[in-house]
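Following this note's numbering, the numbering of the sequence shown begins with 10 at its first residue and continues without gaps. Cβ atoms here follow ideal geometry from the backbone N, Cα and C, with glycine treated the same way.
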Amino acid sequence: MLIIKDYLPLPKQLDGEFWNIERIEHIRKLALTGKPYKIFPDWGNSLRILDRVRFKSEKSTLRENPSSDTSTEIAGIYMSAPLYLGDMSYGALSGNPNIIIARAADYTQTLAGTGEGGLHPEVAKYKRIFVQWASARFGVDYDVLSHGAAVVIKIGQGAKPGIGGHLPGSKVTEPISMTRRIPVGIDAISPAPHHDIYSIEDLGQRIEALKEATGKPVFVKVAATNYIPYIVSGVARMGADGVIIDGHGAGTGATPVVIRDNVGIPIELAVSISDRVLREQGMRDKFTIIAAGRVADATDAAKLIALGADVVSIGTGALIAMGCVMVHKCHIGSCPSALTNKIDGTRELDMEFGFKTLHNYIRGFTLELANILENLGLNSLKELKNRRDLLVGKGLSRETLEVLGIEGEEEELPPKLGELWSKRRKVYLHELINKGEPVITSMGSTAPPDVEKPARIVDWLRSDGAQVTRPSIDPYREDIDTSFYLAQGRFYMSLPMIFDVTDAQSEVREALSWAALALSSGVFSLETDIRYSEVSITSDGKGAITWSQDYKPFTYVYLPSSSEAIEEVMELKGVLGFIFDEDIGNEDLEIVISQVDTKLKEMGVRKKFDLIAKSSRIRDSGDVFKFVALGADSVIMTHKVLDVAIGEGSRSGLKDKAFNLIAGFKKEIALLAGAAGIYSVQSSLTGNRELLRAVNLNSYVLKKLRVKVAGSL
10 MLIIKDYLPL
20 PKQLDGEFWN
30 IERIEHIRKL
40 ALTGKPYKIF
50 PDWGNSLRIL
60 DRVRFKSEKS
70 TLRENPSSDT
80 STEIAGIYMS
90 APLYLGDMSY
100 GALSGNPNII
110 IARAADYTQT
120 LAGTGEGGLH
130 PEVAKYKRIF
140 VQWASARFGV
150 DYDVLSHGAA
160 VVIKIGQGAK
170 PGIGGHLPGS
180 KVTEPISMTR
190 RIPVGIDAIS
200 PAPHHDIYSI
210 EDLGQRIEAL
220 KEATGKPVFV
230 KVAATNYIPY
240 IVSGVARMGA
250 DGVIIDGHGA
260 GTGATPVVIR
270 DNVGIPIELA
280 VSISDRVLRE
290 QGMRDKFTII
300 AAGRVADATD
310 AAKLIALGAD
320 VVSIGTGALI
330 AMGCVMVHKC
340 HIGSCPSALT
350 NKIDGTRELD
360 MEFGFKTLHN
370 YIRGFTLELA
380 NILENLGLNS
390 LKELKNRRDL
400 LVGKGLSRET
410 LEVLGIEGEE
420 EELPPKLGEL
430 WSKRRKVYLH
440 ELINKGEPVI
450 TSMGSTAPPD
460 VEKPARIVDW
470 LRSDGAQVTR
480 PSIDPYREDI
490 DTSFYLAQGR
500 FYMSLPMIFD
510 VTDAQSEVRE
520 ALSWAALALS
530 SGVFSLETDI
540 RYSEVSITSD
550 GKGAITWSQD
560 YKPFTYVYLP
570 SSSEAIEEVM
580 ELKGVLGFIF
590 DEDIGNEDLE
600 IVISQVDTKL
610 KEMGVRKKFD
620 LIAKSSRIRD
630 SGDVFKFVAL
640 GADSVIMTHK
650 VLDVAIGEGS
660 RSGLKDKAFN
670 LIAGFKKEIA
680 LLAGAAGIYS
690 VQSSLTGNRE
700 LLRAVNLNSY
710 VLKKLRVKVA
720 GSL
């Protein structure tokens with residue numbers, strides 16, 4: 010067996026990464042020395058909201074023995090520092106890291122979460138643990154729940170809001186099987202909702218039952234999603250001792266890429282609005298807010314506490330301290346650092362190395378937090394809580410500053426700043442065409458606008474994850490209807506996605522046409538340069554469609570994506586719908602679709618017309634889902650998506666690749682719909698902007714789209 014007892018060299022990072030080399034090296038400095046290293050880092054052009062929030066006075070004097078007090082107390086439990094060590098399960102982690110985390114929490118008088126999946130017998134020996142009660146109840150009974158200092162009802166998490174936990178079968182070895190009480194080698198996919206919690210009242214009953222059964226405080230873990238202030242208010246009203254809010258970008262052992270990158274809102278917005286609502290409703294006293302998701306250093310922690318948190322959770326940071334090199338492969342079970350590998354006797358983390366580095370990291374983090382308090386002229390952590398007056402925002406929209414409740418310099422950022430086809434997007438598409446299943450990944454999101462720069466307006470938008478106020482729907486166990494009827498119900502498609510093959514090579518055209526026919530999708534062909542003329546759909550009755558001039562049973566008007574075209578729509582009659590093409594227009598397609606949808610609704614004729622969004626810049630199922638929420642009845646994307654997915658790989662089996670692309674997109678749309686609590690995509694998603702939130706999108710575009718800012722009431 011290979012024992013890992015030292016840090017591995019950091020691999021070259023080829024694309025945008027939140028946990029970049031500088032952040033990792035900072036954590037390693039703390040973990041190796043246990044001494045403060047750096048406070049108030051300046052992240053320059055970062056688009057992450059928390060990086061654009063600064064303290065008004067940022068002196069960076071560091072002392073090894075600062076006098077400010079970092080201790081706090083939650084639910085009657087003393088903590089030397091406001092640090093909760095993640096919620097990482099036995100199975101997601103490889104055993105030794107679970108034990109090390111629990112041991113470090115006891116030794117440093119902080120707290121640790123066990124995560125979903127039962128209780129490792131060695132972890133059960135430690136007392137400063139919060140034991141999790143999740144939707145699948147893997148390996149959980151009253152004896153397990155009574156071992157820790159508190160119980161956590163897990164409703165959601167930031168890396169996969171609205172869906173359940175996911176442990177790939179390849180990692181379910183004998184030890185995991187015994188602890189979780191599940192078969193070896195079988196995927197452990199938790200239900201999306203708890204099947205005995207479908208309302209806030211149901212949650213109240215579970216809280217009371219668990220308190221009665223264990224005599225322990227009960228916390229509720231939720232993802233940061235659209236309705237987070239109402240969710241947190243409900244959790245407090247139902248008698249919980251606190252809430253763990255897990256923000257967009259939080260780490261995980263396994264999650265579908267499409268969920269990780271498109272659902273949920275940043276933790277800083279969720280914390281600020283939740284704290285404010287609880288104060289307004291008189292429920293903030295004796296109720297704890299634990300903020301999770303991308304807490305990288307003590308400065309992040311200090312900002313979140315000033316915005317309203319009591320405690321911060323560090324999960325990924327703890328793993329990096331123990332040796333994580335951020336390769337995003339936790340789900341396949343071959344972690345080079347022996348932190349998330351499957352337990353098969355081939356590789357193991359040295360217990361003493363892991364404990365020493367994690368203990369030092371907690372100590373260094375605590376000393377940096379004490380230095381921050383001292384530099385701010387504060388004697389204790391208590392004096393920092395809810396001190397928004399100490400903060401200022403730089404480069405944030407007016408609406409975002411209002412949600413945070415801080416002063417700041419407003420800045421309207423241009424919506425298109427980055428690369429359309431990033432390297433990670435290409436890798437994701439390549440995997441999709443080879444498997445035909447939603448792509449699974451691990452660790453936190455690298456999606457725009459927080460990490461990679463946004464390339465179009467939909468990159469600033471986040472979809473909702475249903476929890477507590479309404480249940481999510483389990484796409485693995487329940488049927489979700491992704492189908493759409495166009496042309497007044499005369500044409501059926503199994504998903505709102507059509508592929509433009511106008512200038513495709515013959516083999517690509519043939520492959521996409523065959524796959525569209527097989528899966529009841531569609532292909533679009535416009536052989537001549539037609540601008541303001543009529544275009545039509547023809548059907549062979551089997552589901553494939555071709556757009557042409559020759560046969561016109563379904564007449565649509567083809568228009569550029571522009572303000573002028575919007576006005577023209579209002580004058581046109583006698584057609585079934587409109588195709589707006591961004592490639593021949595001068596205005597962003599998101600704005601045009603949203604405004605046409607809005608105007609047709611105001612005229613009371615929206616259901617008489619189909620709105621089709623067409624662009625070569627539409628890249629995947631996440632884009633399609635958001636366009637439908639903005640008002641599109643279907644989306645036409647070009648054959649370029651298949652070309653990008655293939656890349657420099659083999660073009661053999663092209664029909665299979667096209668089939669997998671469409672099948673994978675269909676399943677991903679079902680995942681997004683289930684997470685949002687939608688059974689029927691066409692009836693519940695089309696034009697439903699309430700399912701979207703914008704993350705620091707500039708005010709002009711926000712108004713045009715009629716989408717609320719993330720964190721708003």
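{"Query": "Beta carbon of LEU620 nearer than 8 Å to that of GLY673", "Result": "no"}
{"Query": "Where TRP523 falls: helix, strand or coil (DSSP)", "Result": "helix"}
{"Query": "Status (buried if at least 16 other CB within 10 Å, exposed otherwise) for THR695", "Result": "buried"}
{"Query": "Exposure of TYR135, with buried meaning 16 or more beta-carbon neighbours within 10 Å", "Result": "buried"}
{"Query": "Secondary structure of LYS338, DSSP reduced to three states", "Result": "coil"}
{"Query": "Nearest-angstrom Cα separation, counted from VAL650 out to ARG130", "Result": "Reading the sequence as shown, one finds Pro at residue 130 and not Arg. Going from the Cα of PRO130 to the Cα of VAL650 covers about 48 Å."}
{"Query": "Same chain, Cβ closer than 7 Å to ILE12, five either side skipped, listed in chain order", "Result": "GLU357, ASP359"}
{"Query": "Within 8 Å, strictly: CB atoms of VAL718 and THR409", "Result": "yes"}
{"Query": "Nearest residue (CA-CA) to ILE172, options VAL181, THR188, TRP142, HIS203", "Result": "HIS203"}
{"Query": "Element boundaries [alpha helix (DSSP H), containing LEU651]", "Result": "649-655"}
{"Query": "C-beta contact flag for LEU277 and LEU413 at 8 Å", "Result": "Reading off the sequence shown, one finds Glu at residue 277, where the question assumed Leu. Yes, the Cβ-Cβ distance between GLU277 and LEU413 is below 8 Å."}
{"Query": "Simplified DSSP state of GLY550, which is helix, strand or coil", "Result": "For GLY550, the predicted model reports a pLDDT of 37, less than 50, meaning its position is unreliable; a value from the coordinates is still stated below. If DSSP states are grouped into helix, strand and coil, GLY550 belongs with coil."}
{"Query": "Inside the stretch 578-604 only - alpha helix (DSSP H) runs reaching at least 4 residues", "Result": "none"}
{"Query": "Every unbroken beta strand (DSSP E) inside the stretch 444-498 [3 residues or more]", "Result": "470-472, 493-495"}
{"Query": "GLY656 vs LYS444 beta-carbon contact at 8 Å", "Result": "no"}
{"Query": "Host alpha helix (DSSP H) of ALA330 (start-end)", "Result": "325-330"}
{"Query": "Opening and closing residue of the alpha helix (DSSP H) in which ALA40 lies", "Result": "30-42"}
{"Query": "Coarse secondary structure for GLY631, derived from DSSP in three states", "Result": "helix"}
{"Query": "Secondary structure of TYR16, DSSP reduced to three states", "Result": "coil"}
{"Query": "Environment of LYS403 [buried if 16+ CB atoms lie within 10 Å]", "Result": "exposed"}
{"Query": "Exposure label - LYS163; buried when at least 16 CB within 10 Å", "Result": "buried"}
{"Query": "Bridge partner(s) assigned by DSSP for VAL149", "Result": "Answer by DSSP bridge pairing: none, since VAL149 is not bridged."}
{"Query": "Closest residue to ALA201 among ASP15, ILE195, PRO170, ASP211 (Cα-Cα distance)", "Result": "PRO170"}
{"Query": "Length of the line joining the Cα atoms of ILE109 and GLN22", "Result": "28 Å"}
{"Query": "Three-state secondary structure assigned by DSSP to GLN514", "Result": "coil"}
{"Query": "Minimum C-alpha distance to CYS333 - residue among LEU400, ASP294, SER199, MET452", "Result": "MET452"}
{"Query": "8 Å Cβ cutoff met for ARG471 and VAL286", "Result": "no"}
{"Query": "Rounded straight-line distance, which links the Cα of LYS713 to that of GLN604", "Result": "7 Å"}
{"Query": "Cβ contact (3+ pairs, closer than 8 Å) linking the stretch 73-91 and the stretch 48-65", "Result": "no"}
{"Query": "Beta-carbon separation (whole angstroms), THR264 vs THR450, contact threshold 8 Å", "Result": "7 Å"}
{"Query": "With 16 other Cβ atoms within 10 Å as the buried cut-off, status of GLU125", "Result": "buried"}
{"Query": "Run of the beta strand (DSSP E) containing GLN290, from where it starts to where it stops", "Result": "GLN290 -> no beta strand (DSSP E), and no H or E assigned at all."}
{"Query": "Rounded separation between THR119 and MET506 - CA only", "Result": "50 Å"}
{"Query": "Sequence-distant residues of its chain with Cβ nearer than 8 Å to ASP1 (five each side left out)", "Result": "Only positions 10 to 722 of the chain appear in the structure, and residue 1 is not among them; the question remains open."}
{"Query": "Exposed unless 16 or more other CB atoms sit within 10 angstroms - verdict on GLN141", "Result": "buried"}
{"Query": "Range covered by the beta strand (DSSP E) that runs through ARG356", "Result": "356-358"}
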